[in-house]
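All remarks here apply to the structure that follows.
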Amino acid sequence: MGRTVPSFRPALEHEIESWKNFKRALRPEEQKIFNKLMNYARIHADAGSMSARPMLSEILFISFAVEQEKRIEILEEKVEELENVLRGKE
């Protein structure tokens with residue numbers, strides 16, 4: 100018997116491909132950001148494959164949010180370090 104549900108990674112790539120017209124309409128600098136976001140989804144493909152969510156776009160968006168939150172936390176830490184330096188705490 101064959102599978103009725105495609106494996107996650109090919110399905111994810113198909114979902115990403117479905118956004119190609121949207122990507123084409125973006126400015127070149129925005130296309131780079133778009134590519135980065137899609138790579139975030141690829142990074143979290145293992146977690147996505149464990150999700151019970153049937154909508155791949157939901158997995159894309161939560162992957163974006165996770166990676167962006169990580170970046171925000173890093174930036175907040177750097178800002179705090181710089182503020183401490185300016186206050187003479189280091």
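When the letters of the sequence shown are read in order and numbered with the working numbering, they come out as residues 100 to 189. All residues carry an ideal CB built from backbone N, CA and C; glycine is no exception.
Exercise. Do the segment 101 to 120 and the segment 145 to 165 meet, that is, are 3 or more Cβ pairs less than 8 angstroms apart?
Worked result: yes
For this session: Alpha carbon to alpha carbon, how far is residue 131 from residue 174? Give it in angstroms, no decimals.
Result: 20 angstroms
Exercise. With DSSP run on the structure shown, which of helix, strand or coil describes residue 135?
Worked result: helix
Problem set entry | Alpha carbon of residue 138 to alpha carbon of residue 177, nearest angstrom | 24 angstroms
Problem set entry | Those runs of the alpha helix (DSSP H) which lie wholly inside the segment 131 to 189 and span at least 4 residues | 144 to 149, 155 to 185
Problem set entry | Proximity winner among 140, 186, 183, 164, relative to residue 114 (alpha-carbon distances) | 140
For this session: Return the CA-CA distance between residue 161 and residue 169, expressed in angstroms with no decimal places.
Result: 12 angstroms
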